[in-house]
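Just so you know, the protein sequences line up as chains A and B, in that order.
Here the first sequence is numbered in the numbering used here, starting from 9 and rising by one per residue.
Here the second sequence is numbered in the numbering used here, starting from 1279 and rising by one per residue.
Take a look at the structure below.
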Amino acid sequence: MKTIPTLGDILQAQGVSRRGFMKYCAATASLLALPPAMVPRIANALEQARRPSVIWLSFQECTGCTESLTRSSSPTLEGLIFDSISLDYHHTLQAASGDAAEAARHAAMEENMGQYLVLVDGSIPMGNPGFSTIAGISNYDMLMETVEGAAAVVAIGSCAAFGGIPGANPNPTGAVSVQDLVKDKPVVNVPGCPPIPMVITAVLAQFLTFGQLPELDIHGRPMAFFGQTIHDRCYRRPFYEQGKFAETFDDEGARKGWCLFKLGCKGPITYNACATVKWNAGTSFPIESGHPCLGCSEPGFWDKGGFYAPLSTGKFDSGEKLAGAAVAGVALGAAAAVAGRRRQAKYTKEA
Amino acid sequence: MNSQKPVRSAIPYSRGNVKPLLNEIIHALDRLLDDDEPTAIDLASLPFAPGELEELERALGHGELKAELDALGKSVIRETAYPGVWWLEHRNTAGEIVGRYIEITRTPEILMSQDADIGAGRARLRDSFDNSGPEFNKEAGK
């Protein structure tokens, strides 16, 4: 097995000062949603960390997840590729193609047997192998061959995590998620359409820093980012409690930034970090831009009724509790959200 | 009308997230003075409404000291109008914000010269001194 330099060795060789390294560690702590007091521990761990080999497989996807990652600001993609991980295969980003690309994948697997990470975006078609192939290899065969020697698998985006758009009704390709097929390796789901870039890099940073995968919720999502609903951390939540709602996209409520629940916001049943991590280098998130949350990080979100239908009228609950809370705008909101979440869990089981 | 023009909300600034944070800072100052215990607050972990971060920055104001760090991108380390309360902003090489913190401490750790850097600098200086001819020694002795 080849000798892999530590991150400390690499940064030292690049002339990065200790101050620069501490800054990097502070950004990493923030990325991992850890308190700043953890920075010294992160610094110690990162100094000794060795770059893990990463193989990225893209199946039935739109490349939106890769687009999202390339907009990660902390650390930058180039920093991530060259300093923190060894991205040995990614057919959208790599220069090699065809046999040369496949040879690079096999070489990375052999050299890092049992230690490399496999990142997957896109779902896997089970209806007919010909629906999606790479270098003449079916998505299923490539996935199963590649994960065999992996330390863990990270499903990037809602397609890889839950089937996503390809898996939406009527699911013409028989699309399934990574966790439907990979049963003997740890699978981390980083859903979203696309996922927040910082969350993708945070999972890699966690593995790099502590040599282990993050704590996961019942859907296999990292708790640090999917432990609370959008609604829980939404700055518009006080309006929900006060019963102040936008009824249309151009009414007084919309102009005053009131709650978007009645315009179909799925924030109360959607677990994600958009409200705090935000998008475009921390600029804003959909609700801050005046649009309801679509619930894109939840299983089966495409098949749950209209994006603009309030939760109280959709397929998420019987509607009575949620509608009652929305119309009355009382503290029942929290209970209704819990009811919505319970229904969400039930939906996932049924799916 | 220019469709590319960013849309700004007419929402009034405060949603009440700033005042509790200022209270937290007062408690952190208590801990610093009474127990010599510093505190760091990661602003990325808090759900600010549009304009609230700016409101917080205005509330804390500017103090006597401001330092710029150039390491893996620019950083600004600035004491606020309240001694012991520091505003730190880290950017990456592309100029994007990668971290914003309030530190309640006497001097933020990142401002201090680090042992590893001091050691490396000493070695560099020794090297230059040893490998330089009389002209360097003359310059250094000026």
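Built from N, CA and C at the ideal position, the CB exists for glycine as well.
Per DSSP, Tyr243 of chain A has no beta bridge partner at all. Just measuring C-alpha positions, the residue of A:Arg244, A:Val285, A:Ile277 and A:Gly313 sitting nearest His299 of chain A is A:Arg244.
In the DSSP assignment, Asp1320 of chain B forms a beta bridge with B:Tyr1379. Taking Asn147 of chain A as the centre and dropping the five residues before and after it, the same chain places the C-beta of Phe67, Ile132 and Ser140 closer than 6 Å to its C-beta, in chain order. Put simply, the CB of Gly1377 of chain B is near chain A, with a gap under 8 Å to one of its CB atoms. When DSSP states are grouped into helix, strand and coil, His1305 of chain B belongs to the helix group.
Taking the beta carbon of Glu249 of chain A as reference, no residue of chain B falls within 8 Å; the closest one sits roughly 12 Å away. Here Pro1386 of chain B is buried, its C-beta having at least 16 other C-beta atoms within 10 Å. About 7 Å separates the beta carbons of Val196 of chain A and Ala160 of chain A, which is inside the 8 Å limit, making them a contact pair. With a threshold of 8 Å between beta carbons, Asp1395 of chain B makes contact with chain A. Relative to the Cα of Leu1310 of chain B, the nearest Cα in the group B:His1340, B:Gly1351, B:Arg1336 and B:Trp1364 belongs to B:Trp1364.
Within the region 215-242 of chain A, the residues whose Cβ lies closer than 8 Å to some Cβ of chain B are Arg241 and Cys242, listed in chain order. Judged by DSSP in its simplified three-state form, His114 of chain A adopts helix. For Tyr279 of chain A, there are no neighbours in chain B by C-beta distance under 7 Å, as the nearest C-beta there is about 15 Å away. Interface flag for Phe1407 of chain B against chain A is unset, since no Cβ pair is found closer than 8 Å.
Between the beta-carbon of Thr278 of chain A and that of Gly313 of chain A there is about 14 Å, and that puts the pair past the 8 Å contact cut.
Listed along chain B are Pro1328, each with a C-beta nearer than 7 Å to that of Glu296 of chain A. If the five residues before and after Gly261 of chain A are omitted, its C-beta is found closer than 7 Å to the C-beta atoms of Lys252, Phe253, Ala254 and Glu255, all from its own chain and listed in chain order.
Going by DSSP, Ile1355 of chain B is part of the beta strand (DSSP E) stretching over Lys1352 to Glu1357.
Between the alpha carbons of Ser76 of chain A and Asp1408 of chain B lies a gap of roughly 51 Å. Classified as buried, Glu1357 of chain B has 16 or more neighbouring CB atoms from the shown chains inside 10 Å of its CB. Shown here, Phe315 of chain A sits in coil according to DSSP, grouped into three states, outside any helix or strand.
Counting only residues of its own chain and dropping the five nearest sequence neighbours on each side, Val207 of chain A has a CB closer than 6 Å to the CB of Val198 and Phe233.
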